[in-house]
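Structure, as structure tokens:
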Amino acid sequence: MMRRLWPFVLGSVALGLDAYVVAGLLPAIAAALGTPEATVGLGVAAFTGSYAVVGPLLAGKAGRQSRRSLIIALLVFTLANSATALSPTIWVFLASRVVAGAAAGVYSPLSSAVAAEIVGPERRGRALALVLAGLAVGTVFGVPIGLMLAQYWDWRAAILLIVVVGGTALAGIALRGGDLPAIPASSPADRLRSITRPKNLLTVIVTLLTGVASLGLYTYLTVVLSGGALAAHQNIAIWVWGLGGAVGALGIGLLADRHDPLRLSAVILGGLTCALLGMTQGQVPVLVVVSLFVWGLCGWASLAPQQQVLIQANPADGATAVAANASANYLGSALGAAAGSLLVAAHATPAVLSGSAAAVAALALCCQLVRQRMDTNG
216 MMRRLWPFVL GSVALGLDAY VVAGLLPAIA AALGTPEATV GLGVAAFTGS
266 YAVVGPLLAG KAGRQSRRSL IIALLVFTLA NSATALSPTI WVFLASRVVA
316 GAAAGVYSPL SSAVAAEIVG PERRGRALAL VLAGLAVGTV FGVPIGLMLA
366 QYWDWRAAIL LIVVVGGTAL AGIALRGGDL PAIPASSPAD RLRSITRPKN
416 LLTVIVTLLT GVASLGLYTY LTVVLSGGAL AAHQNIAIWV WGLGGAVGAL
466 GIGLLADRHD PLRLSAVILG GLTCALLGMT QGQVPVLVVV SLFVWGLCGW
516 ASLAPQQQVL IQANPADGAT AVAANASANY LGSALGAAAG SLLVAAHATP
566 AVLSGSAAAV AALALCCQLV RQRMDTNG
């Protein structure tokens with residue numbers, strides 16, 4: 216049964232690659248398009264911002280014809296990235312990033328909801344974890360793969376890799392026999408009510424804060440490592456974090472099916488808080504390596520249990536709830552990066568950066584415990 220999910224996983228890999236690969240290609244793209252790096256950097260914000268806005272608005276409606284919607288979303292995504300790779304000007308580049316982000320915002324939550332319906336309730340956690348693992352793998356390895364392709368060929372080759380991966384996922388879904396499960400549709404008012412229910416809203420807030428702490432700090436990983444024991448081995452540090460992320464994203468599914476996802480999320484957030492606190496001790500190499508691994512593991516393991524909670528609590532509108540949660544993750548990353556930028560501009564030390572992220576993770580843990588208490592009290 217799980218083998219049927221490979222096109223959805225591959226599509227998530229493409230989305231993960233697309234979200235962050237541009238961050239590693241800023242100098243090359245800026246030189247090619249004759250524009251400042253800061254302007255090219257808006258491409259990352261354009262993608263994630265479009266993703267965060269479009270997902271909750273369209274995902275619930277798109278679920279009525281899930282197969283058709285997934286095919287259209289991946290087709291638009293692939294064409295938009297083709298436009299990115301062929302961009303002659305910065306304006307074409309930025310416009311293509313907006314369109315690619317919008318298509319990703321429709322595809323990601325819908326593919327998670329459909330995957331959960333395909334396998335049934337007993338394997339729902341593993342299905343969600345597998346699809347989210349694709350997103351994690353793409354995000355974790357997007358920057359190093361993009362840098363390698365840009366070094367040996369051209370920055371456009373890195374974008375074309377996304378086109379190939381997305382196109383393969385598109386073919387897998389289009390050629391797949393049989394219909395895909397329809398996800399119940401809802402009106403805009405119903406979707407708004409679904410997102411703003413106290414339990415749902417608090418779950419989304421936890422995801423937002425986790426994104427601020429984990430992905431936000433990852434944006435400044437090189438700054439955090441500077442002057443510490445791994446300052447001369449930053450590539451190794453990135454791979455250690457990535458390995459932890461892959462293990463967390465792939466391994467969380469079985470645990471989510473066997474344990475209460477609310478309690479599991481609390482344990483994960485406790486681990487994330489401890490790992491970020493460990494990053495404040497940058498001069499202790501063993502502690503930094505262990506903290507990097509646990510940080511990546513807990514950061515990427517946190518998503519699947521939260522998605523599972525939302526789908527269980529919203530069987531009639533799971534796609535909208537999942538879309539809001541996915542958007543919160545990206546929005547948290549953007550807010551964390553913005554806050555980190557202010558701290559770096561204020562000449563904050565690496566320990567202050569990591570400590571601030573740990574404080575946000577601790578706040579997420581507190582909110583999660585409140586959410587768990589709400590469920591216990593009914």
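In our numbering, the protein residues as written are 216 to 593.
Beta carbons: idealized from backbone N, C-alpha and C, even for Gly.
Predicted, not measured: the structure shown is a model, and the values here were computed from it.
First and last residue of the uninterrupted alpha helix (DSSP H) at residue i
| i | result |
| --- | --- |
| glutamine 498 | Per DSSP, glutamine 498 belongs to no alpha helix (DSSP H) and is neither H nor E. |
| leucine 568 | 565-591 |
| leucine 416 | 413-433 |
| alanine 561 | Here alanine 561 belongs to no alpha helix (DSSP H), and DSSP marks it neither H nor E. |
| glycine 443 | Premise fails: glycine 443 is in no alpha helix (DSSP H) and is neither H nor E. |
| proline 251 | That residue, proline 251, is in no alpha helix (DSSP H); it is neither H nor E in DSSP. |
| threonine 293 | 281-300 |
| valine 237 | Here valine 237 belongs to no alpha helix (DSSP H), and DSSP marks it neither H nor E. |
Cβ distance (whole Å) where residue i is taken to contact residue j below 8 Å
| i | j | result |
| --- | --- | --- |
| glycine 514 | serine 569 | Glycine 514 to serine 569, Cβ: 13 Å. No contact. |
| leucine 375 | serine 302 | About 12 Å; that fails the 8 Å criterion. |
| threonine 418 | leucine 525 | 6 Å |
| threonine 425 | alanine 576 | 7 Å |
| alanine 452 | leucine 347 | 23 Å between Cβ atoms; not a contact. |
| valine 237 | glycine 258 | 5 Å |
| phenylalanine 356 | glycine 457 | 6 Å |
| glycine 486 | serine 506 | Actually they are not in contact, since the Cβ atoms of glycine 486 and serine 506 sit about 10 Å apart, beyond 8 Å. |
| alanine 461 | valine 321 | Contact doesn't hold; Cβ gap of about 26 Å is too wide. |
8 Å Cβ cutoff, residue i in contact with chain D
| i | result |
| --- | --- |
| valine 321 | In the displayed structure, chain D is absent; only one protein chain is listed. |
Buried or exposed (CB count within 10 angstroms, at least 16 for buried), residue i
| i | result |
| --- | --- |
| aspartate 233 | buried |
| tyrosine 608 | Nothing about residue 608 can be reported from this structure: the residues present for the chain run from 216 to 593 only. |
| serine 480 | buried |
| serine 205 | What is shown of the chain runs 216 to 593, which leaves residue 205 out entirely. |
| proline 324 | buried |
| leucine 285 | buried |
| glutamine 366 | exposed |
| tryptophan 368 | exposed |
| asparagine 450 | exposed |
| leucine 445 | buried |
| glycine 442 | exposed |
| alanine 389 | exposed |
| leucine 469 | exposed |
| valine 379 | exposed |
| alanine 447 | exposed |
| threonine 293 | buried |
Residue i CB to nearest heavy atom of the ligand FAD below 7 Å
| i | result |
| --- | --- |
| threonine 354 | Looking at this structure, you won't find the ligand FAD or any other ligand, since it has none at all. |
### Minimum length 4: unbroken alpha helix (DSSP H) runs contained in the region 312-370
339-367
### Task
Identify every run of the alpha helix (DSSP H) within the region 445-491, keeping only runs that are complete inside it and at least 4 residues long; order them along the chain.
449-473
### Entirely enclosed alpha helix (DSSP H) segments - the region 502-553, minimum 4 residues
518-528
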